[in-house]
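Written out below as structure tokens is the structure these notes cover.
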Amino acid sequence: MPQQRSLFSFYSTGGGVGKLKGNSSQPDATQGNNAEVSQRGYGRGSVHMSQRNETLSQKDILESIERRMCRGKIVKSSLSSPLENESQQVSLFCAGNKRIREQDEKLTCPVEELLRPSAASVDSPNKRTCQKEEKLICPVETLIPLDMAAVDISNSEKRRKLIQAAGADDGIATTGAWAEARAKFEWMTPSKVMDGERRKPSHPLYDDRTLHIPEDIFQKFSASQKQYWATKCKYMDTVLFFKVGKFYELYELDAEVGHKELDWKLTVSGVGKCRQVGCPESGIDDAVQKLVSRGCKVGRMEQIETAEQARAKRGDKATVQRELVQVVTPSTVMDGNIRPEAVHLLAIKEEVREATSYIPGKASNLVVAIGFAFVDAAAGRFYVGSLSDDVSYINLKTLLTQVAPQEVLYEQGGLSKEAFGVLRRSTAPGLLPVNLTPLQPSMEFMEADDAIRMFRKSSYFRDSSDDLWHRKGSDSWPAALKTAEDKLLATSALGALASHLIRMKCDNELLPNGLLCPYEVFKGSLRLDGQTVSNLELLENRDNGGTAGTLLSYLDSCVTRFGKRLLRRWICHPLRNVGDIQYRLDAVEELNSCPEIACFLRAGLGKLPDLERLIARIRTFAASPLARIATAAKKTHQRQLKAFCSMVLGLRAGVDLLSSLQGVPFSEKTRFNSELLQTAAELPFPKPVQACLKELEAAIDVSPKICRLYKSQEDTSEGDNDDWEARRLSQLIDLFNEHTPFWGKLVEMLGQIDVLISFASTIVAANGPTCRPQFVQSKGLGKGGSVLEIKSLWHPYASGGQDGAFVPNDIELGRVGESRNVPHAMLLTGPNMGGKSTLLRATCLAVILAQLGCYVPGVACTISPVDTIFTRLGASDRIMAGESTFMVECNEASSVLNNATSDSLVILDELGRGTSTHDGYAIAYAVFHRLVNALDCRLIFATHYHALTEEFAANPHVSLCYMACAFQSRSRKGESSSREEGECDLDKELVFLYKLTAGASPKSFGLQVALRGGIPTSVVKSAHRAAQRMQESLSHTFCLDEKPGGVGANMKQLLESVLQAGSLDYGLDSFSGKKQTYEQLLGSWQTLQSGAGSC
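All residue numbers for the sequence shown refer to UniProt numbering, where the first residue is 1 and numbers rise by one.
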């Protein structure tokens, strides 16, 4: 994401103004094309001749050109600079470093072309074959040809003069126009810069979005300069286009952004002869779109009157009035070629409070309350809610994962250090950093009471009646806020969101007609925290942030954009209610059994436009900021009319598609077996809605080349046809808006059908058997009544072996209706790379798929609903957060211990490996012991601490399993057959069977895996000998008693540490209460030692 350079980067000493690109000491004249002939001194490769004439005489120019580089003539314009007199045209500039075409590309050679080692020749002056949009602005008569002479000068001298002619130098000292421009903005140097409130950068509330301009400096500006800088000083975070005649220009720091991101050529001209780039008005939409796609906020200052109107109102010397009418940001883009995924702007408000009562097991007694609000601008939907959290901020991380905001608004100085760190480390889609925007306290991030007053005064969120907005203590709130735990914080966040949209000039489009919706992070669904979503790669992969190799990619065969967005929301919130799950499963089974109907529906859905966004755009047409600009009104109207026609045709197609379901026979019946599909087929279609849709259809005329409104015979309106069409469109939009709730239900139903067809498609496309999950309730079964049983489970989208096939495995965590007791906890061991982690992920994915209402990869599946999935997978540190690998492990384990219930599914992989062996073992033992005996939740605990299998071998709540492997002989040429005694058998190759087997793995076979990984055989042999010595040393350490089978003092100390670690979550109970357990462990150790023989 591109970042604007600070004010310091250009105005500091040694800034190298002449370095226009990277470390180059000369302008880059070799990259890119630009088909526009720039009239104003910008465009790639352009050189302002009038500026050059001030510092370089004609004689100097003649002496600096070789005959072999340019056989034509360089021209200069007799016109003065347009920014000094707007009524005059500008001098002619080169279109830019365009490849000079053979014979046809005929125009004077720009100075930058002369910097090339071998420049193309130019045959004749003032003549050029241009692309479609190119035109010669200045008449040929105004161009004064310069008679060229070939002067043989050295390359270094020629280069120096040409660089000076461009107004730059070799990159160290500044000369000419560049030095003059820099001197004019001395008040922006680091020692003098201040924000709009005259605060220095060192001030805690310094606002880098604003800039203070000294009054004496401002008064010296021309009228155009005052217009520009009066707005720019309030939008320093925005790339601001300034309309001048038929062109849009960028100045100073914005010009640098245009140069870097759009490859436009920097010149010294424009407002006060500063750095400048720009484009003609025909290219502004494309330029804005490119900058927004690169992460920039882009504003447009438009001329709200013509030059003739200005002179008529205020005299001949009047300056055309301009206003900032639009600011487009990556998080608020509503039109144009935007990606199908939802884009969100999020605002959060945090309050840290003392807990009212002691919470056992919590590391801190602080409670965090967070209010939030976010908007999907393209859909016109606002979401508001609140959440409770602790100092781990796991719920805030979950919110950020679900919403995936492009930009986050927060109160400056109002966030804790920990919360700000969470925001700073979060990423937008594609692993890009989230744009964090601080808002000023009170003024922008207002309190709830002030926000409510603003909503009332401006009639925002009209669907939420004004009389429902009340002050603190009121029992009546809008429906969207009734589910929020902390309504005041949520309202404050919503106010901050509205304040920011006002600054971005989006308020009239979004706020009055915005749909206010409640949002709950978990809302009674299967709880998937942010860490679990990341660990399982549900939405984004960890390689590049894309969707390849994710659950979203596996399930997504939706053909509508609004269906794709709905699928993502479903994945974030799998269901918990069995009735709702069966509701979806019935529909998937119905669609799977009748593929011809599924294909029919999919074909119809594939023809629909993005109705969700079109409906939102139609509701905001009247408030479009460009609609009131004379020069942009016609183009805006045509775009609106095209969208309106597309929406009307799409709504008709959607209604007809649902209506067609009513007469379709399914499963030997004339109606659907699925209640959901029956509801879709019988969607009420009231007569007023039917009449509205017919009138909308009758009003539009659509053909492949035109989109317009019919003018009926009864309509005798006079005047311009465009004005009539605009008024008529406004009337039709008002009629359409009367039935907004129905259109929303229609789109929601179509989206659900699209997602369910996508679910059914996975059954056909699956690489293995799939089954409909059978749900049983855990209630009434007593403690530990939950169950998870899957036969022949396989991972749905991981890469298989060499033949692409997976080895199926049976998972049993609890059992219903069987005499044999099946424990809820599995202690899983096995070799590295043996498939443990894949099995863990496959188990979690099977549960998520089941509770989404989708078929499960396996032959049979019986499950009781899971309330939360906890995962601790992999090993990684968080250097930027100051957390080591082991600290990350402990934080994740803490979340499990504090929040897991008997209905949870817990997946822990190699807990404790981030620290020393003894400490890691103690932590692993204590956590596993707590989860097994205190919670009895469904648990798979993968570990390489094989001593744990001995500790829990006799525990009735634990089953021991391992991933099987085998050895096969292999021939190794050129190696001696002799081996030292005690060396590992390297003649046998380790083969992974990926089969889950009852029992415990004897070892992890790390040395064999190291050999497969390419570690030299000599190193592996040395490691084997070191492992033997270490084992002997450990045995000696822990068996220091004088008799065989005795227990040494070190072993006793280790056992005490383990038991003490196991009591940490109970509030540091005294070790004396564990005396009986301690004696049992000592006895078990002595028994094992006696059976194994003397140390």
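Cβ coordinates follow ideal geometry from the N, Cα and C atoms, glycine included.
ask   = Since Val-434 and Val-408 are thought to touch, with beta carbons under 8 Å apart, how far apart are those beta carbons, to the nearest angstrom?
value = Confirmed, Cβ separation roughly 6 Å.
query = Between which two residues does the beta strand (DSSP E) containing Asn-592 stretch?
reply = Segment 578–593 is the alpha helix (DSSP H) holding Asn-592; no beta strand (DSSP E) there.
message = If I measure Cβ to Cβ from Val-702 and keep anything under 6 Å in the same chain, skipping five residues before and after, which residues do I get?
response = Cβ within range, chain order: Cys-645.
message = I need the boundaries of the beta strand (DSSP E) containing Val-408, first residue and last residue.
response = According to the DSSP assignment, Val-408 belongs to the beta strand (DSSP E) that extends over 407–411.
query = In terms of residues, what are the limits of the beta strand (DSSP E) holding residue 1098?
reply = The structure shown does not extend to residue 1098, since the chain spans only 1 to 1095, so no value can be given for it.
message = Rounding to the nearest angstrom, what Cα-Cα distance links Leu-566 and Gln-752 in this structure?
response = Cα to Cα, Leu-566 sits roughly 8 Å from Gln-752.
query = Hey, how far is the Cα of Thr-231 from the Cα of Thr-620?
reply = Inter-residue distance for Thr-231 and Thr-620 is about 25 Å (C-alpha atoms, whole angstroms).
task = Have a look at Arg-617 and Glu-411 and give me their C-alpha separation to the nearest angstrom.
result = Between Arg-617 and Glu-411, the C-alpha separation is close to 30 Å.
ask   = Among Leu-827, Ser-1018 and Tyr-797, which residue has its Cα nearest to the Cα of Leu-838?
value = The residue asked about is misnamed: residue 838 is Thr in this sequence, not Leu. Out of Leu-827, Ser-1018 and Tyr-797, Tyr-797 has the C-alpha closest to the C-alpha of Thr-838.
Leu-515 to Ala-373 span [Cα, whole Å] = Rounded to whole angstroms, Leu-515 to Ala-373 spans 12 Å at the Cα level.
query = Going by Cα to Cα distance, which pick from Lys-505, Met-826, Gln-638 and Ile-213 is closest to Leu-324?
reply = Closest option to Leu-324, Cα to Cα, is Lys-505.
ask   = To the nearest whole angstrom, what separates the beta carbons of Leu-813 and Met-826, a pair I think is in contact under 8 Å?
value = Leu-813 to Met-826, Cβ: 6 Å. Contact.
key: Alpha-carbon spacing of Thr-862 relative to Ser-894, whole angstroms   = If I take the Cα positions, the gap works out to 29 Å.
query = Asp-316 to Leu-291, Cα distance in whole Å?
reply = Going by the C-alpha atoms only, they are around 37 Å apart.
key: Spatial neighbours of Phe-562 in its chain, beta-carbon cut-off 7 Å, leaving aside the 5 residues before and after   = Cβ within range, chain order: Asp-610, Leu-611, Glu-612, Val-747 and Gly-751.
request  = Using the Cα positions of Leu-936 and Arg-1012, report the straight-line distance between them to the nearest angstrom.
outcome  = According to the sequence as given, residue 936 is Asp; it is not Leu. Each residue's alpha carbon lies about 39 Å from the other.
message = Give me the residue from Gly-299, Thr-319 and Thr-267 with the minimum Cα distance to Glu-308.
response = Looking at the Cα atoms, Thr-319 is the closest of the given residues.
message = For Arg-300, count the other beta carbons within 10 Å of its own beta carbon; 16 or more makes it buried, fewer makes it exposed. Which is it?
response = Result: buried.
ask   = According to DSSP, what are the bridge partners of Met-826?
value = In the DSSP output, where bridge partners are listed per residue, Met-826 has Ile-940 and Ser-959.
message = Using 8 Å for Cβ pairs, my map puts Ile-848 next to Pro-512. What's the rounded Cβ distance?
response = Here Ile-848 is actually not in contact with Pro-512; their C-beta atoms are around 39 Å apart, not less than 8 Å.
task = Taking 8 Å as the cut-off, decide whether the C-beta atoms of Tyr-248 and Cys-279 are in contact.
result = The answer is yes: Cβ separation under 8 Å.
task = Identify, in the order they occur along the chain, each residue of the same chain with its Cβ nearer than 6 Å to the Cβ of Leu-1064, setting aside the five sequence neighbours on each side.
result = Summary for Leu-1064: the model assigns pLDDT 43, below 50, so the residue's position carries little reliability; its value from the coordinates is reported in the next sentence. Taking Leu-1064 as the centre and dropping the five residues before and after it, the same chain places no C-beta closer than 6 Å to its C-beta.
query = Count the other CB atoms within 10 Å of the CB of Thr-949; is the residue buried (16 or more) or exposed (fewer)?
reply = With 16 or more other Cβ atoms from the protein chains shown falling within 10 Å of its own Cβ, Thr-949 counts as buried.
query = Between Thr-740, Arg-339 and Phe-382, which lies nearest to Ala-347 when the distance is taken from Cα to Cα?
reply = Ranking the options by Cα distance to Ala-347, first place goes to Phe-382.
query = Starting from Ser-553 and walking both ways along the alpha helix (DSSP H), at which residues does that stretch end?
reply = 551–555 is the span of the alpha helix (DSSP H), which, as asked, contains Ser-553.
ask   = From Ser-392 to Pro-857, what does the alpha carbon distance come to, in whole angstroms?
value = Linking Ser-392 to Pro-857 through their CA atoms gives a straight-line distance of about 34 Å.
inquiry  = For His-203, count the other beta carbons within 10 Å of its own beta carbon; 16 or more makes it buried, fewer makes it exposed. Which is it?
reply    = By the 10 Å Cβ count, His-203 comes out exposed.
ask   = What do you get for Leu-614, buried or exposed, if any count of 16 or more other CB atoms within 10 angstroms of its CB means buried?
value = Taking a 10 Å sphere around the C-beta of Leu-614, we find 16 or more other C-beta atoms and assign the residue as buried.
inquiry  = In this structure, how does DSSP classify residue 1104 when only helix, strand and coil are distinguished?
reply    = A query on residue 1104 cannot be resolved here, the shown segment of the chain reaching from 1 to 1095 and no further.
request  = Assign Pro-831 to buried or exposed, taking buried as 16 or more other Cβ atoms, counted over all protein chains shown, within 10 Å of its Cβ.
outcome  = Pro-831 should be labelled buried.
key: Option in Ala-448, Leu-396 and Leu-439 with minimal Cα separation from Arg-425   = Out of Ala-448, Leu-396 and Leu-439, Leu-396 has the C-alpha closest to the C-alpha of Arg-425.
request  = Starting from the Cα of Ala-378, find the closest Cα among Ile-394, Val-352 and His-344 and give me that residue.
outcome  = The option with the nearest alpha carbon to Ala-378 is His-344.
query = Which class does Ile-370 belong to by DSSP, given the choice of helix, strand or coil?
reply = It is a strand residue.
inquiry  = I believe Ala-603 touches Ala-760 by the beta-carbon criterion, under 8 Å. Please report the beta-carbon distance rounded to the nearest angstrom.
reply    = Contact between Ala-603 and Ala-760 fails: their C-beta atoms lie close to 15 Å from each other, not under 8 Å.
query = In three-state DSSP terms, what is Ala-377?
reply = Coil, per DSSP.
query = residue 1097: buried (16+ other C-beta within 10 angstroms of its C-beta) or exposed?
reply = Given that the chain is displayed from residue 1 to residue 1095, the structure contains no residue 1097 and the question cannot be resolved.
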